[in-house]
Structures are given as structure tokens and as C-alpha cells.
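K.L.:
Residue numbers (the working numbering): 14 to 332.
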């Protein structure tokens, strides 16, 4: 039986980005793949627009479009049909919850070897998936593989090659951020330096998902990739990077521009510092909480008083 990579794209009020992403996916080379689009109940016409536009994209226009509800998708067997799958999750389930609908669907299929979680606000190069699969197959212990993430608005600048985690502050930092996008890196060296793969492009091995489970839905947004990386490491899997796999990222397409983070994304990213720390590094959680005092002062300086109040509640564990 031929093996396929199932590409899961989560949409929430971002139809135009999703369609641009699909157009770039139609040019993929070297790997057999199937596309699974999950819509988190956008209610802005996104679902309908995606449904109507898929048939206009070369390669995908030759395939059947299968529409499913979340509940239908959990037991659906494709039986070798050549199709694009559009799943309505029925609610805003967050990053993990929405992607997990697509992951469950993919795990049901006998021909699935990897799931590629790909943000809808990305565009890929023709060999981006091929290089990740090649890297993953070079070592059977690699369970998660990431890409060279390049800013979409300026393709000369790197967003990062994975990230590092500061357990004292509960903060993350992208590795090699803002370097020239054509900088040459050694994949092994980068993989040894990073703590996680950037979740906007994350190739996950079937065996890893069967061993450690799906994305954790405690976060809603942010820290999901760190969580599954920690669980994977405990189960004997490694994470890695393919710097030949290039993905252009608009960053913040569903949550607000990176330089002006929306209130929702700002508060979730801060709250989840505590959630993640308590789960994996409880001995450091006290210091993470103390670090929030500086964040509160920062929001007060910006006159974001409502955010400061919420973070204070996080500090005392009441939010």
C-alpha cells in the first residue's frame, strides 16, 4: 500500500489565506499527500468560500471534494478515494482542538504515515514536504520535524528554525530569528540547539501520535508544540529540523499582526506559561509567576489596564 502524508490545515476566519496556502500546496513535488481542511466554525463565510474555490485550484480541481462534520470525520474511511476533505468542526475549538479533528481523521486512514500540521497563513515551496519527510526518514527516532520558517512579507528574513524555552521565565524564543533567510545551517546542529519545532509547520510521525496521543487541548492557543515535544521526548522520540524545507509564514493571520498582538492571543500566551510550567517544570513555576510582575508593569505602562488585571489574576491562580 502506498503511504501518504496527510496535510491538516486549520481555518478560522481566514479563507483568503487558506486558499493561498492551498494554491502553494498544489505545486508540491516528490511525496504522496492528501489535504484535510478543518474550519473552526468561522461564521464569516470562510467555509463556503473555501468550498467554492478548491475546485478552481489546479490539481485539486481534478479531485472530489468531500465535506464532513467533526463527528462524521471521526469514523470516516476514505477507501482509497482521491479527494480533498473539508471538515466543519462545529465550534471554535482552538489550535489543538481544531487540528485534532484533522489528526483523528488522518489516524483512521490505513495509508497515513505522517501528519503535516500547517498553518493556513503559510505558503510552501514545491520541495518543502519532501525535505521534511527525507529528514524524518533519516533517523527512525525522529518523531517531529520542522521547517525553515521565513517571513512572508520579507522573504530575505528568517522567522526561525524552531525555538528555545526558558524554564525560569516560561518564555520562548525563535532560534536564528531575523538572520538572512539564505543562511546555511547544519540540520544536526540546529536540532540539538532547539527545544521545539515551530507549530506553523510540524510534520508528526504516525507512531508518535499513536504512542503519546494528540495535541493537548488545555492551551487553546500557544505552547501546544512544546507540550507534544516534551511528551515525545519522554517516549523516546526526537524532534528535528530540515533547513531545506522552506515555508513562508505571514504569522498571526488568525490572531492579529505579530507586532500588535491581539488581546486574546496576548493573554493566552501569558496564561499558558503557567499551564505549561506546572505540567512539565513545576519546580520552576514559582519563578515563572514572579516574572509575570514585570509583564503586569509593562501592560500598565501601555495603559492596557484590562490586560494587567487579567495577568494579575493569572499570577494569583484565579484565571
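We put the CB at the ideal spot given by N, CA and C, even for glycine.
Is it buried or exposed for residue 338, if we count other Cβ within 10 angstroms and need 16 for buried?
P.N.:
Residue 338 is absent from the model: the chain starts at 14 and stops at 332.
K.L.:
Hey, residue 312 and residue 320: beta-carbon distance below 7 Å or not?
P.N.:
Here the question's residue 312 lines up with position 299 in the chain shown. Here the question's residue 320 lines up with position 307 in the chain shown. Cβ distance < 7 Å, so residue 312 and residue 320 count as in contact.
K.L.:
Please confirm whether residue 365 and residue 143 have their CB atoms less than 7 Å apart.
P.N.:
The displayed coordinates of the chain run from 14 to 332. Any statement about residue 365 would go beyond what the structure contains.
K.L.:
How would you call residue 191, buried or exposed, if buried means at least 16 neighbouring beta carbons within 10 angstroms?
P.N.:
Within the chain shown, the letter at position 178 stands for residue 191. So residue 191 counts as exposed.
K.L.:
What number of angstroms, rounded off, separates the C-alpha of residue 97 from the C-alpha of residue 260?
P.N.:
Start at 1 with the first residue of the chain shown, and residue 97 comes out as number 84. Start at 1 with the first residue of the chain shown, and residue 260 comes out as number 247. Whole-angstrom Cα-Cα distance: 21 Å.
K.L.:
Is DSSP giving residue 8 helix, strand or coil here?
P.N.:
Outside the displayed span of the chain (14 to 332) sits residue 8, for which this structure offers no information.
K.L.:
Keeping to the same chain, check which residues put their C-beta closer than 7 Å to that of residue 304; ignore five residues upstream and five downstream.
P.N.:
Stepping through the chain shown from its first residue, residue 304 is reached at position 291. Correct list, in chain order: 182 and 183.
K.L.:
Considering only residues of the same chain and omitting the five flanking positions on each side of residue 136, which have a CB-CB separation below 7 Å?
P.N.:
The count along the chain shown starts at 1 and reaches residue 136 at position 123. 33, 34, 37, 165 and 261.
K.L.:
For residue 52, list the residues DSSP reports as bridge partners.
P.N.:
Locating residue 52 in the chain shown gives position 39, where the first residue counts as 1. Looking at the DSSP assignment, residue 52 forms a beta bridge with 24 and 101.
K.L.:
Assign residue 318 to one of two classes, buried (16 or more other C-beta atoms within 10 Å of its C-beta) or exposed (fewer than that).
P.N.:
One-based indexing of the chain shown puts residue 318 at position 305. Answer is exposed; the Cβ neighbour count stays below 16.
K.L.:
Tell me which residue opens and which closes the alpha helix (DSSP H) that residue 309 is part of.
P.N.:
Working through the chain shown from its first residue, we reach residue 309 at position 296. Residues 298 to 314.
K.L.:
For residue 158, write down the residues that DSSP places opposite it in a beta bridge.
P.N.:
Within the chain shown, the letter at position 145 stands for residue 158. Residue 158 pairs with 216 and 253.
K.L.:
Determine contact between the stretch 151 to 163 and the stretch 48 to 64, defined as no fewer than three beta-carbon pairs at a distance below 8 Å.
P.N.:
no
K.L.:
Under 7 Å between the Cβ atoms of residue 53 and residue 228?
P.N.:
Within the chain shown, numbered from 1, the residue matching residue 53 stands at position 40. Within the chain shown, numbered from 1, the residue matching residue 228 stands at position 215. For residue 53 and residue 228, no; Cβs fall outside 7 Å.
K.L.:
Of the choices 288, 327 and 281, whose alpha-carbon is the least far from that of residue 107?
P.N.:
Numbered from its first residue, the chain shown carries residue 107 at position 94. With distances taken between Cα atoms, residue 107 lies closest to 281.
K.L.:
Report the start-end ranges of each beta strand (DSSP E) in the stretch 160 to 228 that is 3 residues or longer and not cut off at the edges.
P.N.:
171 to 173, 176 to 179, 184 to 187 and 214 to 218
K.L.:
Which residue's Cα is closest to the Cα of residue 125: 293, 223, 194 and 245?
P.N.:
For this step, residue 125 is matched to residue 112 along the chain shown. With distances taken between Cα atoms, residue 125 lies closest to 223.
K.L.:
Taking all protein chains shown into account, decide if residue 214 is buried (16 or more other Cβ within 10 angstroms of its Cβ) or exposed.
P.N.:
To locate residue 214, count along the chain shown from 1; it is residue 201. Residue 214 comes out buried.
K.L.:
Would DSSP call residue 263 helix, strand or coil?
P.N.:
For the purposes of this step, residue 263 is identified with residue 250 of the chain shown, where counting begins at 1. Reduced to three states, the DSSP call for residue 263 is coil.
K.L.:
What number of angstroms, rounded off, separates the C-alpha of residue 145 from the C-alpha of residue 71?
P.N.:
By one-based count along the chain shown, residue 145 stands at place 132. By one-based count along the chain shown, residue 71 stands at place 58. In this structure, the straight-line span from the alpha carbon of residue 145 to that of residue 71 is close to 24 Å.
K.L.:
Rounded to a whole number of angstroms, what is the C-alpha to C-alpha distance between residue 233 and residue 279?
P.N.:
To locate residue 233, count along the chain shown from 1; it is residue 220. To locate residue 279, count along the chain shown from 1; it is residue 266. Cα to Cα, residue 233 sits roughly 13 Å from residue 279.
K.L.:
Within 10 angstroms of its Cβ, does residue 299 collect 16 or more other Cβ (buried), or is it exposed?
P.N.:
Working through the chain shown from its first residue, we reach residue 299 at position 286. So residue 299 counts as exposed.
K.L.:
Please confirm if the stretch 167 to 183 is in contact with the stretch 63 to 80, defined as three or more CB-CB distances below 8 Å between the two stretches.
P.N.:
no
K.L.:
Cα separation between residue 147 and residue 255?
P.N.:
Here residue 147 corresponds to residue number 134 of the chain shown, with the count starting at 1. Here residue 255 corresponds to residue number 242 of the chain shown, with the count starting at 1. A direct Cα-to-Cα measurement between residue 147 and residue 255 gives close to 9 Å.
K.L.:
First and last residue of the beta strand (DSSP E) that includes residue 82?
P.N.:
Position 69 of the chain shown, counting from 1, holds the residue named residue 82. 77 to 82 is the span of the beta strand (DSSP E), which, as asked, contains residue 82.
K.L.:
Please name the residue in 221, 150, 79 and 199 whose C-alpha comes closest to that of residue 92.
P.N.:
Position 79 of the chain shown holds residue 92. Ranking 221, 150, 79 and 199 by Cα distance to residue 92 puts 79 first.
K.L.:
Using DSSP with H/G/I as helix, E/B as strand and the rest coil, what is residue 270?
P.N.:
Counting from 1 along the chain shown, the entry for residue 270 is found at position 257. Residue placement at residue 270 is flagged as unreliable, the pLDDT there being 40, under the threshold of 50; the coordinate-derived value follows with that caveat. Coil.
K.L.:
Using DSSP bridges, identify the partner residues of residue 137.
P.N.:
Locating residue 137 in the chain shown gives position 124, where the first residue counts as 1. Paired residue(s): 260.
K.L.:
Let me know the secondary structure DSSP gives residue 86 once reduced to three states.
P.N.:
For this step, residue 86 is matched to residue 73 along the chain shown. Helix at residue 86.
K.L.:
Is it right to say residue 15 is buried, meaning 16 or more other beta carbons lie within 10 angstroms of its own, or is it exposed?
P.N.:
Position 2 of the chain shown holds residue 15. Exposed, since its Cβ has fewer than 16 Cβ neighbours within 10 Å.
K.L.:
With DSSP as the reference, label residue 96 as helix, strand or coil.
P.N.:
Translated into the one-based positions of the chain shown, residue 96 becomes position 83. Looking at residue 96 - three-state DSSP - the assignment turns out to be strand.
K.L.:
Could you give the distance in angstroms between the alpha-carbon of residue 154 and the alpha-carbon of residue 210?
P.N.:
Within the chain shown, the letter at position 141 stands for residue 154. Within the chain shown, the letter at position 197 stands for residue 210. Approximately 15 Å, taken between the alpha carbons.
K.L.:
Could you give the distance in angstroms between the alpha-carbon of residue 87 and the alpha-carbon of residue 241?
P.N.:
Residue 87 sits at position 74 when you count from the first residue of the chain shown. Residue 241 sits at position 228 when you count from the first residue of the chain shown. As the crow flies, the alpha-carbon of residue 87 is around 21 Å from that of residue 241.
K.L.:
Using only the alpha-carbon positions, how far apart do residue 221 and residue 315 sit?
P.N.:
Taking the chain shown and counting its residues from 1, one reaches residue 221 at position 208. Taking the chain shown and counting its residues from 1, one reaches residue 315 at position 302. Between residue 221 and residue 315, the C-alpha separation is close to 43 Å.
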